[in-house]
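Here's the structure, in structure tokens; my notes come after.
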Ligand code: BG6
């Protein structure tokens with residue numbers, strides 16, 4: 019996720035763009051840039067690092083004169099966070115500049131086509147194909163060139179464009195990435211969200227997918243993808259800036275929970291084609307797969323629990339033992355790791371000290387290493403032989419949500435990818451790939467099915483302790499569910515393998531003891547049912563998480579959370595959603611600092 023802004027009017031554009039980018043920095047902050055038109059030339063200034071570095075480089079915009087411009091703050095997905103990869107990107111003739119938020123899924127094919135046409139590329143980004151396509155189609159009318167270019171793009175994009183042949187004009191295009199127009203007096207704006215606009219105007223136009231806008235100081239025109247002009251209504255923004263950064267949600271954590279369908283879709287979409295999983299970044303690993311005798315996953319916190327959830331699919335499909343090791347333990351355990359081991363290091367930030375150290379230890383022992391990270395160019399990504407990004411976008415809340423679900427999703431994809439290469443005749447791989455492709459929709463359904471959670475939180479928020487129990491894949495989800503509850507509501511919560519209850523923990527179950535029972539795996543459903551009966555007979559109150567039509571569980575549980583039916587091998591990414599929401603609402607009931615829980619850090623870069 020990145021942030022884009024645009025301006026045209028009577029003011030100098032650069033200071034307006036820089037102020038707007040500062041308001042969008044939470045959307046991405048590893049590099050930034052602006053392009054401003056002065057008479058009939060475009061000047062670009064870009065930096066690796068935050069907006070402050072760009073302000074310093076341009077003397078708060080003073081060194082880049084002109085009243086029309088576009089700007090970008092980046093969250094790297096394709097290409098490390100460098101100045102060359104920062105936006106805006108220029109056409110080869112320097113006459114067109116583009117900023118982009120989104121992912122162009124077919125950029126590799128387009129890049130090859132443009133290279134054959136003689137265009138040269140300065141960056142590793144997917145975005146750069148856009149500006150060269152524009153140059154290729156430009157015949158004196160930017161709007162026409164934009165429509166032709168957009169028709170070639172697959173994926174998501176919010177674009178900002180300026181062209182030196184059209185002074186005073188800014189263009190914007192929206193497809194599956196947010197883009198809003200700001201309507202001022204003698205000036206007009208565009209931005210990725212209202213935070214960058216409200217200090218100038220509260221009159222906005224929300225572009226819809228497939229719409230193109232042409233802005234000048236005194237006019238705003240919107241067209242559809244056939245070039246036909248359309249009328250758009252203006253909306254009055256009532257949010258304050260602070261609320262707008264959270265998309266109108268009370269906390270970043272809730273916003274990021276709600277972003278999960280989109281984040282998981284962004285993680286999956288470019289990687290499944292016709293029922294096959296594609297990882298161009300892992301082609302070098304494929305020849306070594308047959309020599310892998312075991313897989314070791316290592317991580318910390320929720321990333322570790324993501325590994326616990328992904329283990330089932332990896333073992334089932336790859337038919338090799340999969341161990342999941344806490345990074346802080348692995349590095350001191352003299353691990354049995356050698357060249358026959360594939361080590362998968364999972365880290366949202368890519369900067370967790372224990373995970374870095376564990377990864378180093380495994381490399382020294384000869385293992386092949388694969389990083390699953392969210393931050394492009396981070397330490398874990400740089401250390402590993404191979405890297406797969408989760409593309410969740412910046413995650414601001416300390417307690418991870420979309421980081422976890424996208425990590426689990428990547429592990430599902432890896433399991434299918436490895437199986438396709440190791441056992442191509444395995445029955446059902448295509449069907450399982452299709453199941454994984456439905457996860458974004460299932461996650462949205464899980465969000466929509468649980469309107470009762472605030473009431474459940476009000477009932478359970480004073481419980482001195484909560485037990486999360488489950489078997490097999492349900493147990494893996496229970497582990498992360500309990501951690502979420504602890505992290506943000508400060509209630510003691512313990513995840514327990516349901517089959518283990520009778521070996522000790524059940525001694526703690528007394529009158530009204532809340533037990534959250536995950537019952538989403540048909541293979542162990544009867545056993546899960548008996549575990550519920552077992553704890554209820556000792557006085558527990560059971561909040562069961564299951565499917566709507568699971569009558570046996572519905573008949574014994576005291577309260578219910580629901581998810582849509584999804585194959586157990588891939589259900590953890592969906593089961594966790596009601597548990598994230600339950601933890602969120604319990605913490606809210608308890609008046610906790612949800613986005614910045616006490617004693618916790620987003621990334622622990624020290625031991
Ligand atoms: C903790 C975070 O500090 O580190 C957790 O609070 C996270 O949310 C854990 O799961 C691991 O962090 P990372 O960045 O390596 O996934």
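Numbering (my numbering), first residue to last: 19 to 625.
We treat Cβ as the ideally placed atom computed from N, Cα and C, and that holds for glycine.
Task: Any non-hydrogen atom of ligand 1 closer than 6 Å to residue 172 Cβ - done: By 1-based counting over the chain shown, the position of residue 172 is 154. Residue 172: no, Cβ never under 6 Å from ligand 1.
Open item on the list: Does the distance between the C-beta of residue 405 and the nearest non-hydrogen atom of ligand 1 fall short of 6 Å?
Closed with: Translated into the one-based positions of the chain shown, residue 405 becomes position 387. Checking the 6 Å criterion, the Cβ of residue 405 is out of range of every heavy atom belonging to ligand 1.
Task: the stretch 454-473 touching the stretch 264-283, judged by at least three CB pairs closer than 8 Å - done: With a cut-off of 8 Å, the stretch 264-283 and the stretch 454-473 count as touching, because enough Cβ pairs lie within range.
- [ ] Sort out for me which residues DSSP pairs residue 86 with in a bridge.
- [x] Taking the first residue of the chain shown as 1, we reach residue 86 at position 68. DSSP lists 26 and 55 as the beta-bridge partner residues of residue 86.
- [ ] With a threshold of 16 other CB atoms inside 10 Å of the CB of residue 328, please say whether the residue is buried or exposed.
- [x] The count along the chain shown starts at 1 and reaches residue 328 at position 310. With 16 or more Cβ atoms within 10 Å of its Cβ, residue 328 is classed as buried.
Task: Residue of 613, 51, 373 and 438 minimising C-alpha distance to residue 332 - done: As a working mapping, residue 332 is identified with position 314 in the chain shown. The shortest C-alpha separation from residue 332 is found at 438.
TODO: Kindly confirm or deny that the stretch 178-193 and the stretch 232-240 touch, where touching means at least three C-beta pairs closer than 8 Å.
DONE: The way I'd put it, the stretch 178-193 does touch the stretch 232-240; three or more beta-carbon pairs between them come closer than 8 Å.
Open item on the list: Going by DSSP, what residue range makes up the beta strand (DSSP E) through residue 178?
Closed with: To locate residue 178, count along the chain shown from 1; it is residue 160. Secondary structure note for residue 178: its beta strand (DSSP E) is the uninterrupted segment 173-181.
Open item on the list: Here's a check: name, in chain order, each residue in its chain whose Cβ is nearer than 6 Å to the Cβ of residue 202, leaving out the five neighbours to either side.
Closed with: Numbered from 1 along the chain shown, position 184 holds the residue referred to as residue 202. Contacts found: 218 and 219.
- [ ] Can you tell me which of 134, 303, 19 and 623 puts its alpha carbon nearest to the alpha carbon of residue 432?
- [x] One-based indexing of the chain shown puts residue 432 at position 414. The shortest C-alpha to C-alpha distance from residue 432 to any of 134, 303, 19 and 623 is the one to 303.
Open item on the list: Could you tell me the alpha carbon to alpha carbon distance between residue 132 and residue 180, rounded to whole angstroms?
Closed with: Here residue 132 is taken as the residue at index 114 of the chain shown, counted from 1. Here residue 180 is taken as the residue at index 162 of the chain shown, counted from 1. Residue 132 and residue 180: Cα-Cα distance of roughly 21 Å.
Open item on the list: If contact is defined by three or more beta carbon pairs under 8 Å, each pair taking one atom from either stretch, is the stretch 77-96 in contact with the stretch 23-32?
Closed with: Between the stretch 23-32 and the stretch 77-96 there are three or more inter-stretch CB-CB distances shorter than 8 Å, so the stretches are counted as touching.
- [ ] Quick one: residues in its chain with C-beta nearer than 8 Å to the C-beta of residue 66, no 5 flanking neighbours on either side, listed in chain order?
- [x] The residue you call residue 66 lines up with position 48 of the chain shown. Closer than 8 Å at Cβ, skipping near neighbours: 48, 49, 99, 100, 101 and 104.
TODO: Would you check if the distance between the CB atom of residue 396 and the CB atom of residue 368 is smaller than 7 Å?
DONE: Stepping through the chain shown from its first residue, residue 396 is reached at position 378. Stepping through the chain shown from its first residue, residue 368 is reached at position 350. Yes, the pair counts as a contact, with Cβ atoms nearer than the cut-off.
Task: residue 378, enclosing alpha helix (DSSP H) - first and last residue - done: Looking up residue 378 in the chain shown gives position 360. Its alpha helix (DSSP H) spans residues 371-382.
Task: Beta-bridge pairing of residue 64 - partner residues as DSSP gives them - done: Counting from 1 along the chain shown, the entry for residue 64 is found at position 46. In the DSSP assignment, residue 64 is bridged to 51.
- [ ] In the DSSP assignment, find the beta strand (DSSP E) that holds residue 212 and state where it starts and stops.
- [x] As a working note, residue 212 is residue 194 in the chain shown. Counting along the chain, residue 212 sits inside no beta strand (DSSP E), nor does DSSP assign it H or E at all.
Open item on the list: Beta-carbon within less than 6 Å of residue 492's beta-carbon, same chain only, minus the 5 sequence neighbours each way: which residues are those?
Closed with: Indexing the chain shown from 1 puts residue 492 at position 474. Apart from the 5 residues on each side of it in sequence, residue 492 sits with its Cβ closer than 6 Å to the Cβ of 536, 538 and 539 in its chain, given in chain order.
Open item on the list: Given 6 Å as the limit, tell me if residue 190 has its C-beta closer than that to any heavy atom belonging to ligand 1.
Closed with: On the chain shown, residue 190 is found 172 positions in, with the first residue counted as 1. Residue 190: no, Cβ never under 6 Å from ligand 1.
Task: Residue nearest to residue 476 in terms of C-alpha spacing, selected from 388, 490, 487 and 507 - done: Within the chain shown, the letter at position 458 stands for residue 476. Looking at 388, 490, 487 and 507, the one whose alpha-carbon comes closest to that of residue 476 is 507.
- [ ] Return the chain-ordered list of same chain residues with a C-beta closer than 6 Å to the C-beta of residue 214, the five sequence neighbours on each side being excluded.
- [x] Within the chain shown, residue 214 is the residue found at index 196, counting from 1. By the criterion of a C-beta distance shorter than 6 Å, residue 214 is surrounded in its chain by 23, 38, 41 and 42, once the five residues flanking it on both sides are discounted.
Open item on the list: Strictly by DSSP, which residues pair up with residue 577?
Closed with: Taking the chain shown and counting its residues from 1, one reaches residue 577 at position 559. Residue pairing by DSSP puts residue 577 in a beta bridge opposite 561.
- [ ] Compute every distance between the C-beta of residue 367 and the non-hydrogen atoms of ligand 1, then say whether any falls below 6 Å.
- [x] Taking the first residue of the chain shown as position 1, residue 367 is located at position 349. For residue 367, the CB falls within less than 6 Å of some heavy atom of ligand 1.
Open item on the list: Using the three-state DSSP reduction, which class does residue 549 fall into: helix, strand or coil?
Closed with: Counting from one through the chain shown, the residue named residue 549 turns up at place 531. Residue state, collapsed to three classes: helix.
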